[in-house]
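Residues in the sequence shown are numbered from 3 upward in steps of one, following the working numbering. Ideal Cβ positions, reconstructed from N, Cα and C, are used throughout, including at glycine. So the structure is just underneath, and the comments pick up after that.
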Amino acid sequence: MRIGIGYDSHRLVEGRRLVLGGIDVLFEKGLLGHSDGDVLCHAIIDALIGALGEGDIGKHFPDTDARWKDASSILLLKHIVEMVKSKGFEIVWIDSVILAEQPKLAHCMDSMKDAISQSGIPKSVINIKAKTNEGMGFIGRGEGIAAQAVCLLKKIER
Ligand code: MG
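Here it is as structure tokens:
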């Protein structure tokens, strides 16, 4: 068994789509980033990379690489899910939390799970939660959105 932890945060700015968990969420601002700025997918990616002992997201998808400019984070996640499989592991569980003062996200969870499952992670092993930051700090002021994720991987017996 291996565990991994991931964290990400991006700045909220005007004139960008808000992409979270692979879906477009209706909001007046979006997350700034080299890719689509999807903090939830990035946190899950870092948790999986961490469990594999393969460094971090910046090593695999450097923001100096034009290939990942405005890339769908679901596509990045798909790359990492394939790496998990190629290294002989299966994903047992992913738990995650999005920290956002706005917008309300509770009604988006099922769509996010559907979108994330496009990367090859079974929907049945993904949990997503959403919390506000009770008005405190950069999240509370609406300056950005953050996400945390943990994963459990199991080595497949051969
Ligand atoms: Mg990121």
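Would you kindly report the start and end of the unbroken alpha helix (DSSP H) that includes residue i?
i, result
"Ile51", "41 to 54"
"Ser75", "75 to 88"
"Gly60", "59 to 62"
"Ile141", "139 to 142"
Verify whether the separation of the beta carbon atoms of residue i and residue j is less than 8 Å.
i, j, result
"Asp65", "His36", "yes"
"Ser75", "Gly24", "yes"
"Ala151", "Ala53", "no"
"Ile51", "Ile96", "no"
On the criterion of 16 or more Cβ atoms from any shown chain inside 10 Å, does residue i qualify as buried, or is it exposed?
i, result
"Gly17", "exposed"
"Ile47", "buried"
"Ser126", "exposed"
"Val94", "exposed"
Give the straight-line distance between the Cα atoms of residue i and residue j, rounded to the nearest whole angstrom.
i, j, result
"Gly57", "Trp70", "18 Å"
"Ile5", "Ala148", "20 Å"
"Gly144", "Leu154", "31 Å"
"Asp10", "Lys131", "15 Å"
"Gly8", "Leu22", "15 Å"
"Lys156", "Phe91", "5 Å"
"Glu30", "Arg19", "8 Å"
"Val41", "Leu34", "10 Å"
"Glu159", "Lys87", "12 Å"
"Asp26", "Gly55", "31 Å"
"Leu28", "Gln120", "21 Å"
"Ile128", "Gly122", "11 Å"
Beta strand (DSSP E) containing residue i: first to last residue?
i, result
"Asp116", "Looking at the DSSP string, Asp116 is not in any beta strand (DSSP E); the run it does join, the alpha helix (DSSP H), is 111 to 119."
"Trp95", "91 to 101"
Original post:
Under a criterion of Cβ closer than 5 Å to any non-hydrogen atom of ligand 2, which residues qualify, in chain order?
Top reply: You won't find ligand 2 in this model; what it holds is ligand 1.
**OP:** Determine, using beta-carbon pairs with one atom in the segment 135 to 143 and one in the segment 93 to 113, whether at least three such pairs fall under 8 Å.
**Re:** The segment 135 to 143, when compared against the segment 93 to 113, does touch it at the 8 Å Cβ threshold.
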